[in-house]
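Participant: Structure incoming, see below.
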Amino acid sequence: MDIRDPSQNMCKRLSYFQETPQWQEKWNMETNNKLHVIKPVLSHWVTKLNRRCDVVLTRLRIGHTRLTHKYLLFAESPPTCSHCGGIITVKHILTDYVAVNRRRLRYFCSSSFDLSFLLGQIPRFNLFMYLKDIGVFHDI
17 MDIRDPSQNM CKRLSYFQET PQWQEKWNME TNNKLHVIKP VLSHWVTKLN RRCDVVLTRL
77 RIGHTRLTHK YLLFAESPPT CSHCGGIITV KHILTDYVAV NRRRLRYFCS SSFDLSFLLG
137 QIPRFNLFMY LKDIGVFHDI
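Structure follows, in structure tokens:
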């Protein structure tokens, strides 16, 4: 047995643990990043969702969805909310959209919370039902 030649997996693990503090330092500097608000500490997120829900959750976490960014592909103006006139963002859809406060209450037992509550390490499964109910799930 040659102990001078560790397995490839062991090398990856050692490299990860040596690099993690440096990665975290760099990540801490990314304060304007939409994902940083939801995930301030670097760690592995395990999801046990179906593929479609996993894609939707990832798009929401990074703040890039068809609904909020499609205008860039067609050189149009950003979409605006028909109720308040504000620009439609992931935050607007999930926390600020006043017209769906009752539905938000039904699914989350609160109408005010932050994005890290909905999109953090433990995904809220009601999130997908809420998105379907307000008619935007397939636009994410």
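Each residue of the sequence shown is one higher than the last, beginning at 17 in my numbering. Positions of the beta carbon are idealized from the N, C-alpha and C atoms, including for glycine. This one's a predicted model, so the numbers in the text were calculated from it and none came from an experiment.
#1: Quick one, are the C-beta atoms of T105 and T74 less than 7 Å apart?
#2: On the three-state DSSP scale, how would you describe T105?
#3: With H, G and I counted as helix, E and B as strand and the rest as coil, what does DSSP make of T47?
#4: Mind checking who T96 pairs with in its DSSP beta bridge?
#5: Taking 7 Å as the cut-off, decide whether the C-beta atoms of D155 and R82 are in contact.
#6: Looking at the structure shown, is S59 part of a helix, part of a strand, or coil, going by DSSP?
#7: If we ignore side chains and look at the alpha-carbon of each, how far apart do V114 and S59 end up?
Facilitator: Taking the definition as stated:
#1: no
#2: Coil at T105, not helix or strand.
#3: coil
#4: I103
#5: yes
#6: Coil at S59, not helix or strand.
#7: 33 Å
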